[in-house]
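Protein chains in written order, with full-length UniProt numbering: chain A, 1 to 262; chain B, 1 to 262; chain C, 1 to 262.
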Amino acid sequence: MEDTGHYLQRMRARAPLVQNITNNVAMNMMANVQIAAGASPAMADAAEEVVEFTALADALTVNIGTADSLKAMSMRLAGAAMNGHGRPWVFDPVGVGATQFRNDLCRDLLALCPTVVRGNASEILTLAGRGKGARGVDAVDSVASAEAAARELAGRTGHIVVATGPVDYVTDGTRALWVANGDPMMAKITVSGCSLNGVIAAFLVEQPPLEATAAALAYYGLAGERAAAVCAGPGTFQPAFLDALYALTPEDVTQGARIEAA
Amino acid sequence: MEDTGHYLQRMRARAPLVQNITNNVAMNMMANVQIAAGASPAMADAAEEVVEFTALADALTVNIGTADSLKAMSMRLAGAAMNGHGRPWVFDPVGVGATQFRNDLCRDLLALCPTVVRGNASEILTLAGRGKGARGVDAVDSVASAEAAARELAGRTGHIVVATGPVDYVTDGTRALWVANGDPMMAKITVSGCSLNGVIAAFLVEQPPLEATAAALAYYGLAGERAAAVCAGPGTFQPAFLDALYALTPEDVTQGARIEAA
Amino acid sequence: MEDTGHYLQRMRARAPLVQNITNNVAMNMMANVQIAAGASPAMADAAEEVVEFTALADALTVNIGTADSLKAMSMRLAGAAMNGHGRPWVFDPVGVGATQFRNDLCRDLLALCPTVVRGNASEILTLAGRGKGARGVDAVDSVASAEAAARELAGRTGHIVVATGPVDYVTDGTRALWVANGDPMMAKITVSGCSLNGVIAAFLVEQPPLEATAAALAYYGLAGERAAAVCAGPGTFQPAFLDALYALTPEDVTQGARIEAA
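Printed below as a string of structure tokens:
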């Protein structure tokens, strides 16, 4: 693929408006992450306006973390509307397998053809019908153990599937990439996965989805590495992470990205 | 007007209880901002209790950022109740123009006579019926281009109207003030505008509204200047901003305020 | 009681999954606090799935801060379900006394037998039927003035009752402990009380509730002391507090805990 930094550069030049229907834990951090990266977030998520709002959005994220029936309706409507506009959206099946409500909602959202499905290894295994059950919202499986399921799910649905973990795995069902950027400290704060969705969505706008997703993962992980090097714990990690997302240049990303064909 | 710091001093002496019906992105930061400034926030926003709760509140803020029909009902009820108590409230028409739902809600809230309407230039232009359309929740117009609309809207409705941006414009329809405090870094974090509403509301309690609003804007902007001088990016800006809101003295505000008659 | 640090050590060894039905202000900070402490938070709070989700949870917290009728239903259902599982849950009656809606919900939740009730002095007095009325969500009474009410409430209901303040008071109706750890800066940020609930819940898992609660209070207060010693204000306090929760060892807690029989 092209120099990784080019994907960041083009995203920043566009400063895409990303609509986010996400969980209430993630909203603030997710918005700050997107602004720091160079995108423009909007958290409009009410069923009353969500379809109309998609007309303004360059991309969408959908995250079921704290969904109820009303938010679930917003998600289905907005995902379908983005398909109608021919614009990308990212789906995060948080905690799928934990309850029937989550399973039913994820089945519908998957059927609505998101551009990218991103989850931890356990969530991807569960979506692919191979899960052994999750433990709440945390992964209990390794990314390696989810690679075949991710590839099969991507091949069957036509979506990009991403399993994130110490090394991320991205596949379109035919090709696959590993992205090795990141730091264990990223798992010591909440919503680092949720916030990533917003960065992926911003990178997807008018860029090839497999490569754009891998570039977003590398950029995000690199910011995590930088922040971990200067923080004193998970509390000071968070501001340092936002600073790093803001400060990283396309050249930094090209030099620091660790992406390999899988 | 009087020394700007006096408005801060009296607000802190009263430590007013401010009720906030705000968006889910802003709730945490907004509460922290109000505590750091010296007020006492309460985020009671359910239609089930919002009217009864206004009996305890010295001031109210209403922000439509992530409103749905139920929250919209809370907003209408609480605004009307504050009028009944003769106590001030601040209305923030986030993203008006983006959807019909927002437009309808803003029409009602404007008709309920908020003490202060605060928005970015695009939102004020749209409220005044002169908007060319927003881009989601971000301004695409300059404050200067919104001054006539703000003055006309204030004159017609009797509210204080504030258009915030690099230089803020505050008017009651007859008189007008510019407030030049602030730093571009404030636009690199989410909800800095939303959180400002809570500070304005606290300053409004038993103080003349035009001057109190300008003093709140100067104080808030000055804290942004201080934080920008010591931060390394938008992540470290946020804690530094709260520290500055907490540390600024009335004397600092009197010395640092840049308020001019417009 | 045993060395205080042992309670932290065992909690971390278990890394319990704590389900939280909390207010929208607290969600993010509360999740970060629990991760930093060593627990695994899940914020599943929709009535559609809350009972099914309790099957996965080792402990639960319920906080009425921004409850509406739907969230109130989730709280009643989840509390009852945890009783069915024989697993601990913590109830925080935020702002009880402020509105009839809060009073009605608190009456029900108290009747559902939470393991621990934690509030500020005014909330505990109100729950015990001795309140003189609150001022929104902030305490207007001293912990000392609430001790008799706490002891009586605990004796009558069989719950552990905690009144937090400069010195915390913990009682099961027969025995009582004072915990003197903490720093006034903890009151200068929002949701420090709400976030504490999640730490208490994590400590309660398979540990004796009176001692586990006191140990959680000491650990949490000690982290506040450490953070206050290095911060420059309430903004920088928050990241330093999370760092301290993460860094404190069982030995630190044993040495620093200030727990006394009352």
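Every residue, glycine too, gets a C-beta built ideally from N, C-alpha and C. Small disclaimer: the values here were computed from a predicted structure and weren't measured.
Sort out for me which residues DSSP pairs residue 270/B with in a bridge. Here chain B comprises residues numbered 1 to 262, so residue 270/B is not present and cannot be evaluated.
Identity of the residue in A216/C, A229/C, A240/C nearest M257/C by Cα: The sequence given here has Ala at residue 257/C, not Met. Nearest option by C-alpha distance: A216/C.
Taking the beta carbon of V18/C as the centre, do at least 16 other beta carbons fall within 10 Å, making it buried, or is it exposed? V18/C comes out buried.
Min CB distance I35/A to chain B below 8 Å: With 8 Å as the cut-off, I35/A counts as an interface residue toward chain B.
Let me know if residue 264/C comes out buried or exposed under the rule of 16 or more other beta-carbons within 10 Å of its beta-carbon. Since the displayed chain C opens at 1 and closes at 262, residue 264/C lies outside it and no answer follows.
Would the beta-carbon of A163/A fall within 8 Å of that of G119/A? yes
Give the straight-line distance between the Cα atoms of A46/A and A180/C, rounded to the nearest whole angstrom. Rounded to the nearest angstrom, the two C-alpha atoms are 45 Å apart.
From which residue to which residue does the beta strand (DSSP E) around L177/C run? 176–179
Go through the segment 68–152 of chain A residue by residue and report every complete run of the beta strand (DSSP E) that reaches 3 residues or more, in order. 89–92, 116–120
Taking the C-alpha atoms as reference points, what is the distance between F237/C and S192/B? Whole-angstrom Cα-Cα distance: 19 Å.
So for E206/B, helix, strand or coil by DSSP? In the three-state reduction of the DSSP assignment, E206/B falls in the coil class, being assigned neither a helical nor a strand state.
Could you name the residues of chain B that N28/C contacts, counting a contact when the two beta carbons are closer than 8 Å? Neighbours of N28/C on chain B, chain order: N28.
Name the chain A residues whose beta carbon is nearer than 7 Å to that of P239/C? G235, T236, Q238, P239
With DSSP as the reference, identify every bridge partner of V162/A, one or two as the case may be. R118/A, V170/A
If we call anything under 8 Å between Cβ atoms a contact, is E251/A one with W178/A? no
Assign P184/A to one of two classes, buried (16 or more other C-beta atoms within 10 Å of its C-beta) or exposed (fewer than that). By the Cβ-count criterion, P184/A is exposed, with fewer than 16 other Cβ atoms from all chains shown falling within 10 Å of its own Cβ.
N28/C to G198/C, Cα distance in whole Å? 12 Å
Kindly indicate which three-state DSSP category E260/A falls into: helix, strand or coil? Correct three-state label for E260/A: strand.
Beta bridge counterpart(s) of A212/B as assigned by DSSP: Paired residue(s): none; A212/B is not in a bridge.
Where does T249/C land, buried or exposed, given buried means 16+ other C-beta within 10 angstroms? Burial call: exposed.
Can you tell me the Cα-Cα spacing of A55/B and M186/A, whole angstroms? Rounded to the nearest whole angstrom, the CA to CA distance from A55/B to M186/A is 44 Å.
CA-to-CA distance, A244/C to A218/C, given in whole angstroms: 13 Å
Going by alpha carbons, who is nearest to T171/B out of L196/B, I189/B, R130/B, I124/B? I124/B
Using beta-carbon positions only, say whether V143/A and Y169/A come within less than 8 Å of one another. yes
For K188/A, does the count of other Cβ atoms within 10 angstroms reach 16, so buried, or fall short, so exposed? buried
Quick one: what's A59/C bridged to in DSSP? Per DSSP, V18/C.
Suppose the cutoff is 7 Å on Cβ atoms and the five residues either side in sequence are ignored; what does the same chain contact list for A154/C look like? I160, V161, T171, D172, G173
Using 8 Å as the Cβ pair cut-off and three pairs as the minimum, do the segment 57–69 of chain B and the segment 94–104 of chain B touch? yes
Taking CB distances under 8 Å as the criterion, tell me whether V191/B reaches chain A. yes
Quick one: grab the DSSP three-state call for D252/C. helix
Give the interface partners of T99/A over in chain C, defined as CB-CB distance under 7 Å, in chain order. One finds E49, E52, F53 in chain C with Cβ atoms closer than 7 Å to the Cβ of T99/A, taken in chain order.
I want to verify the contact list: residues of chain C whose CB lies under 7 Å from the CB of N24/A, in sequence order. N24, M27
The ligand ADP heavy atom lying under 7 Å from the CB of P208/C: This structure lacks the ligand ADP; in fact it carries no ligand of any kind.
I want to verify the contact list: residues of chain A whose CB lies under 9 Å from the CB of D243/C, in sequence order. C231, A232, G233, P234, G235, T236, F237
Which value, in whole angstroms, describes the spacing of the CA atoms of V50/B and A42/C? 28 Å
Report the option in L112/B, N63/B, G95/B, E2/B whose CA atom is closest to the CA atom of R87/B. Among L112/B, N63/B, G95/B, E2/B, the Cα nearest to that of R87/B belongs to L112/B.
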